[in-house]
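A.B. asks:
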Amino acid sequence: MVRTQPLVSILTTGGTIASRRFADGARPALAAEELVAGSAEAGVELRTREVLHLDSSSLLPEDLDAVRSAVVAELEHPSVTGVVLTHGTDTMEETAMLIDLMHADPRPVIMTGAQRPADSPDADGPANLSAAIAAAVDPLSRGRGVLIAMGGTLVPARGTAKFDSAADAPFATVRADLPRPLLTPTSIAGTRVDIVMLYPGVDPSIIGWCAGAGASGIVLVATGSGNTHPRVVDAVADAIGRGVVVVVCSRVPRGEIVATYGGGGGAVDLAARGAIISPWLRGPQARIALQALLAGGAGHADVAAFFAAE
Ligand SMILES: NC(=O)C[C@H](N)C(=O)O
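Going from the sequence shown to my numbering is simple: count from 1 and add 731.
Structure, rendered in structure tokens:
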């Protein structure tokens, strides 16, 4: 049979878009069919599958692998025009990054969610889902990797973070035209990468503790343009000496990170000890990239080349 309508696969994972409010708090409660009911776009055929039924703040690395595998499985069908992935917004930037890192197919993957539960009088999920379906069949979405459709905006996955805890359009991108270096598909579960936030008075032994607990990578969320206290630099040098790959990004939400400061605790000092500067990606997405790189067998030079290309 010759297909005349575009076909969109909708994969659901939970999140607020699938949630109802209960006396003990909101939680995912809508079955995939209920979530999608009423969102049928004229002239678009939909097929729906529930992958997970979780708040995105409770996802584990194996869940992210499962979601990415489900997207890959849908795209194995040549008749699929694009994939829509409904997901909680809390960690959407991480799942979006993981899929985008390994998504060489030109067909779009559009992620969407909601800020208000499905039983709210002003639920935003249905409009977001409709926008995501429309984006999935739009030829202009092709070749752009993973996109996030929320509150009337459509932003690329790479470089994006949840910038607003309440706005209808919570996601913003640190730089809209970031390049998309791709990685060989791999699972990330089993590869530990920690994030350490740096602040005045931070105990440098946290770095050694992460290494001792089995981290093969650490992402430092440093102050300003990648700076910290000289004692933290010493602890980072120790961890690098133990084979840990360390990436430095910034607590500041916007702007390029360029190693500028020395004095023992600056990004110049961190880089001199072997830490890798992430010029654009912030903590959560830099962490996913490092986890995927290390899980795929990358060494220090590969990680440095990846972040230099971002
Ligand atoms: N707006 C949301 O979806 C938040 C929810 N806690 C989640 O990430 O699953």
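Ideal Cβ placement from N, Cα and C applies to all residues, glycine included.
Check the DSSP bridge columns for THR884 and list the partner residues they point to.
C.D. replies: Paired residues: MET881.
A.B. asks: Starting from ASP925, follow the alpha helix (DSSP H) in both directions and report where the run begins and ends.
C.D. replies: Counting along the chain, ASP925 falls outside any alpha helix (DSSP H), though it belongs to the beta strand (DSSP E) covering 924-928.
A.B. asks: Do you know offhand how far GLY819's Cα is from MET828's?
C.D. replies: Between GLY819 and MET828, the C-alpha separation is close to 14 Å.
A.B. asks: The beta strand (DSSP E) with MET833 in it runs from where to where?
C.D. replies: Segment: none, MET833 is in no beta strand (DSSP E) and carries neither H nor E.
A.B. asks: Is the beta carbon of ASP925 closer than 8 Å to that of ALA953?
C.D. replies: Cβ atoms of ALA953 and ASP925: not closer than 8 Å.
A.B. asks: Which of helix, strand or coil does DSSP assign to SER852?
C.D. replies: Note that residue 852 is Pro in the sequence shown here, rather than Ser. PRO852: coil per DSSP, three-state reduction.
A.B. asks: Under DSSP, the alpha helix (DSSP H) around ALA970 begins and ends at which residues?
C.D. replies: That run of the alpha helix (DSSP H) goes 961-972.
A.B. asks: Using a Cβ-based criterion (distance less than 7 Å to any ligand heavy atom), does GLN1016 qualify as near ligand 1?
C.D. replies: Outside the cutoff, so no.
A.B. asks: Any idea what DSSP makes of HIS784, helix, strand or coil?
C.D. replies: In this structure, HIS784 counts as strand in the three-state DSSP scheme.
A.B. asks: Rank LEU914, CYS980 and TRP940 by C-alpha distance to the C-alpha of PHE1037 and give the top, closest one.
C.D. replies: It is LEU914.
A.B. asks: Apart from the five residues on each side of it in sequence, which residues of its chain come closer than 7 Å, Cβ to Cβ, to THR822?
C.D. replies: Contacts found: SER787, SER788 and LEU790.
A.B. asks: Measure the beta-carbon distance from ILE748 to GLY844 and round it to whole angstroms, keeping in mind my assumption that it falls under 8 Å.
C.D. replies: Contact holds; Cβ gap of about 5 Å.
A.B. asks: GLN736: buried (16+ other C-beta within 10 angstroms of its C-beta) or exposed?
C.D. replies: So GLN736 counts as exposed.
A.B. asks: Since SER981 is in the beta strand (DSSP E), which residue starts that stretch and which ends it?
C.D. replies: That run of the beta strand (DSSP E) goes 976-981.
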